[in-house]
Amino acid sequence: MDLLASLNPRQREAVLHTEGPLLILAGAGSGKTRVLIHRIAHLIQGVGATPESILAVTFTNKAAGEMRSRVSSTLEDSGMALERSPFVSTFHSFCVRLLRRYGAPLADLRPGFTSSFTIFDEADQVAAVKSVYREIGIDEKFMKARALLSAVSHSKNHGKTPQDFYESAEGPQDDKIAVIFEKYQALLQSSNAFDFDDLLLESVRLLKHSEQTRASLHERFRYLMIDEYQDTNRPQYELMKLLTGAAHNVCVVGDEDQSIYSWRGADIRNILDFEKGFPEASVVRLEQNYRSTKRILAAASGVVANNLDRKGKNLWADGEEGSPVLFYHAPDSDAEARYAARCVDRHLTENPGKNAAILYRANSQSRQIEEALRRINRDYKVVGGVSFYQRAEVKDILAYLKSATSSANAISLMRIINTPARGIGRTTVEQIENHARRAGISMWEAIEQMLSEGRFPARARAAVAVFHRLIGGLRKQLSDEPWYEAIPWIMDESGYRSMLESDGSIEAAGRLENINEFINAAADAYRRSESLDEFLDQAALVADTDQLDSSSPVLLMTLHSAKGLEFPLVVMTGLEEGIFPHGRSLEDPAALEEERRLCYVGMTRAREQLILIAARARRRFGGGSPELMMPSRFLKEIPRDVLQSVGQQVSPSWNTGDGYSLDLQAEQHEVRETVQRRLYDGPTYNSVENLSGFFAKKNLPVPANLRRPAQAKPRSGAPAQRMPAGGPAWRARHTSGYRLGEKVRHSKYGVGTVMKFEGDGDDTKLTVHFRSAGLKKLVAKFAGLQPA
DNA sequence: TGAAAGATCGTTTTT
DNA sequence: CGATCTTTCA
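Using numbering that gives the first Met the number 0, you'd call the opening residue of the first sequence number 0 and step up by one each time.
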């Protein structure tokens, strides 16, 4: 079979461009994955590259697995079976392998580093921060551990050390964060542990530091490919640059309209800088959509056209008109769930063999939908959510294994020192912690010292001795027997099994089942001749159990997890202001644009039918009375002629009769008009080269996520910006003297956020979102706004 | 010390 | 509502 025959000219161009840097701008459903697969196949079959000289990086483990299997089946189809596969993995997995295998020189830079480091997942990170809190005597009233970690992560990804953080501190709060940051990092190092960010950063550091390592990698990997390039962050960009040797054989694929991870540090500058970093780069655009009907595509395009911050890509489809996008305005969230379930049920009955997805903004929304599906006996599968390896019981067992393999790991040790309860209480643990800190030794060493020096009271001594013997026994077990057998050993010897068995509750039974499943997973890994280290890496890096097989035809997942997937029927739920767009984004224009892109991603998952649902009322927390919800602004951005309302209409439109809704509707209309003008009049920033020039000419502020971060407060959207944030001082001032996103006070409406400018100087019309009064349009010189 | 009741709290997205 | 932390009491 000819590999190229099934491709359109653009796609073919991308596949055939094998030498030198290549940027593929690929719209939704434009066959991006196909191009990548065929490109790999072509490299092997046409160019004669060895499979192992190709490194392909994907965003999720799931995508990596899929790509691996599709490459081999494509090659098989064209009569070429591979014994070795290309190296396909996520950035994070790749870095783990890199550090384990080539990491030795890193010990120069990171004292105590050994290749048997452990990975701290999110729960470990939180535990580490809490441990630092205890050490310096503050509690979470200062700042939630997770919030603090966002600040730390943000700093790290922008190349900031605790010292840098301290120097740019804006007040005592920041000073404190800097201290915690430093101690957190020290704790990681003394535990020989890496958090997710460290995996990338230290890999970059290693490659910068060791020319030899760089050389071996260039020798090994001749061709580099990166999928979902719009969602890469700065360290990933640097890593890419370091990995492409002199040949610059790197191919990146992305779509800025689908950039939905800026909160995690994804940086659209990576697309811009690609051509700066590689001036000889070629650009290929894939703009033909093969996935969705014309109506679905029109609806999605209509929404995303409201973003100012985009390239104005021209996605077109050749296929069927399709049926209109349906909108159901449910009386409440329960009715929403029932309607979603009914749609899916009918679809599957009428189209046996097909599948469907129900999408929502936040995982917590899945509950009611699950209930509705159960009530009509429809099988479903929830993707993501609380992952298998995050379950408490599995984490406990993992902590035993980690404590045994890495005695420096204080976090794992703390987790299981009294689980199951063995009489080591708070006081005893504190004593050990203090001793370790004072003597500058690990928790494990502290335990040994204190035992031999007789520092415990009798009862505690006995308990600690039991624990000490237990871990010692586990180490022996691990060195003598196949490692997976250690898990049942732990269950029996630690008393974990009897703890669960004597409990007798349904939950305990479920936990036992989970652990059995875990033992099976371990045994499988062992049979695949994976080492314990590799198995533990997997557990930390593989978020969900990766139900690639997705045995059920009904999938429930967040909009984020739907990225990269497609379904004949897609039902999107919770299209309400505050839910989607999410409440946290309402006052930040850049965050709002990301929500809009997320909406675009969701809608373009649908092949044949797209159904949108909003609830008029929703209970936000368990108790209280239901809240009235405003329909999402995204609904109003969908061109009328492709949208059809269904179900009983309580009122003629979604206008609920209060001022907010009216204003909003007028507002949206104008936004659309302005955008149209901006997109098609004069130079569009259609080519990557003239992006910032485009904004300069239009006298527009360069959107925040296209701009270089200023010294003090970089970026928006990223978590750190939400914390102390005395207002986004880094944003350029409009000629009216206000800034986008700035907080202002109005004599009547109270505090609000500046969302939009029209006109210049004193005559500027400001659109301000007030917490109490909603969106208002005000003329700058009459509004009498005070800074808030 | 630890289980159990009570209070609190905070809710986005994920490698 | 549910997870998690705190307090209470045996």
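Built from N, CA and C at the ideal position, the CB exists for glycine as well.
Per DSSP, what are the beta-bridge partners of G790 in this structure?
Outside the modelled stretch of the chain, which goes from 0 to 787, sits residue 790, for which no answer is possible.
What do you reckon, are the CB atoms on M571 and L358 nearer than 7 Å?
Here residue 571 refers to the residue found at position 572 of the first sequence. Here residue 358 refers to the residue found at position 359 of the first sequence. When the beta-carbon positions are compared, M571 and L358 come within less than 7 Å of each other.
Nearer than 6 Å: is that true of the beta carbon of E274 relative to any heavy atom of the ligand ADP?
Looking for the ligand ADP in the displayed structure turns up nothing, as the structure carries no ligands at all.
Return the residue from the list L206, I270, R33 that minimises the CA-CA distance to C94.
For the purposes of this step, residue 94 is taken as residue 95 along the first sequence, with counting starting at 1. Cα-wise, what sits closest to C94 is L206.
Nonlocal neighbours in the same chain, by C-beta distance under 8 Å from H208, ignoring five residues either side
Walking along the first sequence from the start, residue 208 turns up at place 209. Hits under 8 Å: P104, L105, D107, L108.
Using a 10 Å radius around the Cβ and a threshold of 16 neighbouring Cβ atoms, would you call G102 buried or exposed?
As a position in the first sequence, residue 102 is number 103, starting the count at 1. Flag for G102 reads buried.
May I ask you to report which of helix, strand or coil DSSP gives S715?
If you number the first sequence from 1, residue 715 lands on position 716. Bear in mind that a pLDDT of 31 at S715, under 50, signals an unreliable position, so the number given afterwards is only what the model happens to contain. S715: coil per DSSP, three-state reduction.
Where does G321 land, buried or exposed, given buried means 16+ other C-beta within 10 angstroms?
As a first step, residue 321 must be located in the first sequence, where it is residue number 322. Classification for G321: buried.
Short Cβ contact (7 Å threshold) for S363 with A407
Residue 363 sits at position 364 when you count from the first residue of the first sequence. Residue 407 sits at position 408 when you count from the first residue of the first sequence. At a Cβ-Cβ threshold of 7 Å, S363 and A407 do not count as neighbours.
Are the CB atoms of V131 and Y165 nearer to each other than 7 Å?
Residue 131 sits at position 132 when you count from the first residue of the first sequence. Residue 165 sits at position 166 when you count from the first residue of the first sequence. No, they are not a contact pair.
What residue range does the beta strand (DSSP E) around L325 cover?
Counted from its first residue, the first sequence places residue 325 at position 326. Note, L325: beta strand (DSSP E), 324-331.
Under 8 Å, with one C-beta from each stretch per pair, do the region 274-292 and the region 15-27 reach the 3-pair mark?
Flag = yes, the region 274-292 and the region 15-27 touch.
Kindly indicate which residue of S84, L325, D138, K380 has the alpha-carbon position closest to the one of N354.
Here residue 354 refers to the residue found at position 355 when the first sequence is read from its first residue. The shortest C-alpha separation from N354 is found at K380.
When you compare the CB positions of E12 and V283, do they come within less than 7 Å of one another, or not?
Taking the first residue of the first sequence as position 1, residue 12 is located at position 13. Taking the first residue of the first sequence as position 1, residue 283 is located at position 284. Yes.
Which partner residues does F566 have in the DSSP bridge list?
Here residue 566 refers to the residue found at position 567 of the first sequence. Assignment of beta-bridge partners to F566 by DSSP yields A605.
A224 bridges to which residues according to DSSP?
Numbered from 1 along the first sequence, position 225 holds the residue referred to as residue 224. This sequence places Met at residue 224; Ala is not what is there. M224 is bridged to A55, C250.
Those residues which DSSP pairs with K380 across a bridge
For the purposes of this step, residue 380 is taken as residue 381 along the first sequence, with counting starting at 1. Note: K380 sits in a beta bridge opposite L554.
Over what stretch of residues does the alpha helix (DSSP H) that includes Q229 continue unbroken?
Within the first sequence, numbered from 1, the residue matching residue 229 stands at position 230. Here Q229 belongs to no alpha helix (DSSP H), and DSSP marks it neither H nor E.
Whether I578 touches R360 by CB criterion (7 Å):
Looking up residue 578 in the first sequence gives position 579. Looking up residue 360 in the first sequence gives position 361. A Cβ-Cβ contact shorter than 7 Å links I578 with R360.
Residues of its chain near M628, where Cβ-Cβ distance is below 8 Å and the 5 sequence neighbours each way are ignored:
Position 629 of the first sequence holds residue 628. Residues of the same chain with a CB within less than 8 Å of the CB of M628, apart from the 5 flanking positions on each side, are E575, E576, G577, I578, A613, A614, R615, A616, R617 in chain order.
Report the rounded CA-to-CA distance for M79 versus G19, giving the unit in angstroms.
Residue mapping note: residue 79 aligns to position 80 of the first sequence, counting from 1. Residue mapping note: residue 19 aligns to position 20 of the first sequence, counting from 1. M79 and G19 have their C-alpha atoms some 26 Å from each other.
Might you give, ordered along the chain, the residues of its own chain that have their beta carbon closer than 8 Å to the beta carbon of P567, omitting 5 neighbours on each side?
Here residue 567 refers to the residue found at position 568 of the first sequence. The residues are H346, N350, K353, N354, A355, A605, R606, E607, Q608.
Per DSSP, which residues does F86 bridge with? Please list them.
Here residue 86 is taken as the residue at index 87 of the first sequence, counted from 1. Per the DSSP secondary-structure output, F86 pairs in a beta bridge with L54.
Give the straight-line distance between the Cα atoms of L97 and A316, rounded to the nearest whole angstrom.
On the first sequence, residue 97 is found 98 positions in, with the first residue counted as 1. On the first sequence, residue 316 is found 317 positions in, with the first residue counted as 1. So the two alpha carbons sit approximately 42 Å from each other.
Helix, strand or coil: which one does DSSP assign to L442?
Within the first sequence, numbered from 1, the residue matching residue 442 stands at position 443. It should be pointed out that residue 442 corresponds to Met in this sequence rather than to Leu. Reduced to three states, the DSSP call for M442 is helix.
Could you check how far apart the C-beta atoms of V252 and I225 are, in whole angstroms? I think they sit under 8 Å.
Translated into positions along the first sequence, residue 252 becomes position 253. Translated into positions along the first sequence, residue 225 becomes position 226. Confirmed, about 7 Å.
Assign V14 to one of three DSSP states: helix, strand, or coil.
Position 15 of the first sequence, counting from 1, holds the residue named residue 14. The answer is helix: DSSP assigns V14 an H, G or I state.
State the start and end residues of the unbroken alpha helix (DSSP H) segment that holds L24.
Locating residue 24 in the first sequence gives position 25, where the first residue counts as 1. Counting along the chain, no alpha helix (DSSP H) covers L24; the unbroken beta strand (DSSP E) around it starts and ends at 21-25.
Helix, strand or coil for R615, going by three-state DSSP, please let me know.
Position 616 of the first sequence, counting from 1, holds the residue named residue 615. Note: R615 maps to strand in three-state DSSP.
Do D254 and Q229 come within 7 Å of each other at the CB atom, strictly closer than that value?
As a first step, residue 229 must be located in the first sequence, where it is residue number 230. As a first step, residue 254 must be located in the first sequence, where it is residue number 255. Against a cut-off of 7 Å, the Cβ pair of D254 and Q229 comes out as a contact.
List the endpoints of the continuous alpha helix (DSSP H) containing Q211.
As a working note, residue 211 is residue 212 in the first sequence. Segment 210-219, the alpha helix (DSSP H) holding Q211.
In terms of alpha-carbon separation, which member of G30, T17, S71, S68 lies closest to G47?
If you number the first sequence from 1, residue 47 lands on position 48. Looking at the Cα atoms, T17 is the closest of the given residues.
Nearest-angstrom Cα separation, counted from A40 out to A4
Sequence index remark: in the first sequence, residue 4 carries index 5 (1-based). Sequence index remark: in the first sequence, residue 40 carries index 41 (1-based). If you take the alpha carbons of A4 and A40, they lie about 13 Å apart.
Please report the straight-line C-alpha distance between P85 and I270, rounded to a whole angstrom.
By one-based count along the first sequence, residue 85 stands at place 86. By one-based count along the first sequence, residue 270 stands at place 271. So the two alpha carbons sit approximately 25 Å from each other.
Buried or exposed by the 16-neighbour rule on C-beta atoms within 10 Å, applied to L690
The residue you call residue 690 lines up with position 691 of the first sequence. Below a pLDDT of 50, predicted positions are generally treated as unreliable, and L690, at 35, falls in that range; the measurement from the model is reported next regardless. Buried.
Rounded C-alpha distance that separates L400 from L200
Taking the first residue of the first sequence as 1, we reach residue 400 at position 401. Taking the first residue of the first sequence as 1, we reach residue 200 at position 201. Spanning the two alpha carbons is a distance of roughly 26 Å.
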